[in-house]
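K.L.:
Here it is: the structure, laid out below.
2 protein chains.
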Amino acid sequence: MDAQDLSQHLAARARFSMTKMTKIDCFRSMRLLVGLNCFEPGQEQKVHAHPGADKFYFVVSGKARFVVGEATLEAAAGDLILAPEGVPHGVERALERTIVLVGIAPPPPA
Amino acid sequence: MDAQDLSQHLAARARFSMTKMTKIDCFRSMRLLVGLNCFEPGQEQKVHAHPGADKFYFVVSGKARFVVGEATLEAAAGDLILAPEGVPHGVERALERTIVLVGIAPPPPA
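Protein chains in written order, with the working numbering: chain A, 1 to 110; chain B, 1001 to 1110.
In structure tokens form, the structure reads like this:
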């Protein structure tokens, strides 16, 4: 299954960059993208929206301040953040080294 | 957002039953279902497949023996299991009390 093994330990797949947050695809089809967003402390993801696609973030480890709709909220390991289609969302600031599992259906262009 | 709050702490949403594994919806649209599967030790989910839909399991806590395609594999907290469309998958046996985050795109009927 080229680059999308059926079993993956996510902490082992995470990659960090000193310059900006990173994105790693774990699985991609026409229906679903599952991937990781990896943040060093202080890194961000600008607020954006996906017209016609639903997204979630699940914090695997670490802690970050998310924006979703009108809200700003701190989320840590075990928290699920939902961004239904069209709802603006992003990461204002990672408060620790943070790994986030992300799902988007359908995926944006690669 | 009726029953699908934009921020959810998953461990607080988990519900267990002594009789069988439970399913809890966290978010549902025509494109994506995100939910929890909760297992007491020894509970199972029969092997099944979703034609035309991609699915993943992410083990939030606990440990279980999964079936995916031809493989049987043990997965614990932090492991992602992928079941692309048509690939048979299930949980042969939970080895501990286990919470699994599940995503299916598009969702099966409610």
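From the three backbone atoms N, C-alpha and C, an ideal C-beta is built for every residue, glycine too.
1) Could you compute how far the alpha carbon of Phe58/A sits from the alpha carbon of Glu92/A?
2) With a threshold of 7 Å between beta-carbons, can Phe1078/B be considered close to chain A, or not?
3) Can the beta-carbon of Cys1038/B be found closer than 7 Å to that of Ile1081/B?
4) List the residues of chain B that Gln45/A touches, going by C-beta distances under 8 Å, in chain order.
5) Would you say Val59/A faces chain B, with C-beta separation under 7 Å as the test?
6) Nearest by alpha-carbon distance to Met1018/B: which of Leu1010/B, Val1102/B, Gln1043/B, Ala1071/B is it?
7) If we call anything under 7 Å between Cβ atoms a contact, is Pro1107/B one with Leu1033/B?
8) Assuming Glu96/A and Pro41/A make a contact with CB atoms under 8 Å, what is their CB distance in whole Å?
9) Determine the direct distance from the alpha carbon of Phe1016/B to that of Ala71/A, and round the result to whole angstroms.
10) For the alpha helix (DSSP H) containing Leu10/A, name the first residue and the last one.
11) Would you tell me roughly how many angstroms separate the C-alpha atoms of Gly1090/B and Phe1066/B, rounded to the nearest one?
12) Measuring alpha carbon to alpha carbon, tell me which of Met1021/B, Ala1014/B, Ala1049/B, Lys1055/B ends up nearest Ala145/A.
13) Mapping DSSP to helix, strand and coil, what is Asp1005/B?
14) My output table needs one value for Leu32/A: the three-state DSSP class, helix, strand or coil.
15) What's the gap between the Cα of Ala1110/B and the Cα of Val68/A?
16) Return the chain-ordered list of same chain residues with a C-beta closer than 6 Å to the C-beta of Val1047/B, the five sequence neighbours on each side being excluded.
17) Should Thr98/A be counted as a contact of the ligand NAP given a C-beta to heavy atom distance under 6 Å?
18) Could one say the Cβ of Asp2/A lies closer than 7 Å to chain B's Cβ atoms, at least one of them?
19) For Leu82/A, would you say it is in contact with chain B, using Cβ-to-Cβ distances shorter than 7 Å as the test?
20) How is Glu74/A classed by DSSP in three states: helix, strand or coil?
P.N.:
Answer, in terms of the structure:
1) On the first sequence, residue 58/A is found 58 positions in, with the first residue counted as 1. On the first sequence, residue 92/A is found 92 positions in, with the first residue counted as 1. Rounded to whole angstroms, the gap between the alpha carbons of Phe58/A and Glu92/A is 16 Å.
2) Locating residue 1078/B in the second sequence gives position 78, counting from the first residue. Contrary to the premise, residue 1078/B reads as Gly rather than Phe in this sequence. It does; some Cβ of chain A falls within 7 Å.
3) Locating residue 1038/B in the second sequence gives position 38, where the first residue counts as 1. Locating residue 1081/B in the second sequence gives position 81, where the first residue counts as 1. Taking 7 Å as the Cβ cut-off, Cys1038/B and Ile1081/B do not qualify as a contacting pair.
4) The residue labelled residue 45/A in the question sits at position 45 within the first sequence. What Gln45/A touches in chain B: nothing, since even the nearest Cβ is about 16 Å away.
5) Counting from one through the first sequence, the residue named residue 59/A turns up at place 59. For Val59/A, the answer is no, since every Cβ of chain B falls outside 7 Å of its Cβ.
6) Here residue 1018/B is taken as the residue at index 18 of the second sequence, counted from 1. Closest option to Met1018/B, Cα to Cα, is Gln1043/B.
7) For the purposes of this step, residue 1107/B is taken as the residue at position 107 of the second sequence. For the purposes of this step, residue 1033/B is taken as the residue at position 33 of the second sequence. Closer than 7 Å, so yes.
8) Counted from its first residue, the first sequence places residue 96/A at position 96. Counted from its first residue, the first sequence places residue 41/A at position 41. Going by Cβ atoms, the distance from Glu96/A to Pro41/A rounds to 6 Å, so yes, they are a contact pair.
9) Here residue 71/A refers to the residue found at position 71 of the first sequence. Here residue 1016/B refers to the residue found at position 16 of the second sequence. Going by C-alpha positions, Ala71/A is about 31 Å away from Phe1016/B.
10) Along the first sequence, one-based indexing puts residue 10/A at 10. Leu10/A -> alpha helix (DSSP H) spans 10 to 13.
11) For the purposes of this step, residue 1090/B is taken as residue 90 along the second sequence, with counting starting at 1. For the purposes of this step, residue 1066/B is taken as residue 66 along the second sequence, with counting starting at 1. C-alpha separation (whole angstroms): 6 Å.
12) One cannot answer for residue 145/A here, as it falls past the ends of chain A, which runs 1 to 110.
13) Within the second sequence, residue 1005/B is the residue found at index 5, counting from 1. Correct three-state label for Asp1005/B: coil.
14) Here residue 32/A is taken as the residue at index 32 of the first sequence, counted from 1. When secondary structure is reduced to three states using DSSP, Leu32/A falls in the coil class, being assigned neither helix nor strand.
15) Taking the second sequence and counting its residues from 1, one reaches residue 1110/B at position 110. Taking the first sequence and counting its residues from 1, one reaches residue 68/A at position 68. Going from the Cα of Ala1110/B to the Cα of Val68/A covers about 26 Å.
16) For the purposes of this step, residue 1047/B is identified with residue 47 of the second sequence, where counting begins at 1. Correct list, in chain order: Val1067, Pro1088, Gly1090.
17) By its list of ligands, the structure shown contains no ligand whatsoever, and the ligand NAP lies outside what it can speak to.
18) Translated into the one-based positions of the first sequence, residue 2/A becomes position 2. With a pLDDT of 43 at Asp2/A, under the threshold of 50, the predicted position of this residue should be treated as unreliable, though the coordinate-derived value follows. So, not an interface residue.
19) Translated into positions along the first sequence, residue 82/A becomes position 82. Residue-level contact check: Leu82/A touches chain B, since one or more beta carbons of chain B fall below 7 Å from its beta carbon.
20) The residue labelled residue 74/A in the question sits at position 74 within the first sequence. Note: Glu74/A maps to strand in three-state DSSP.
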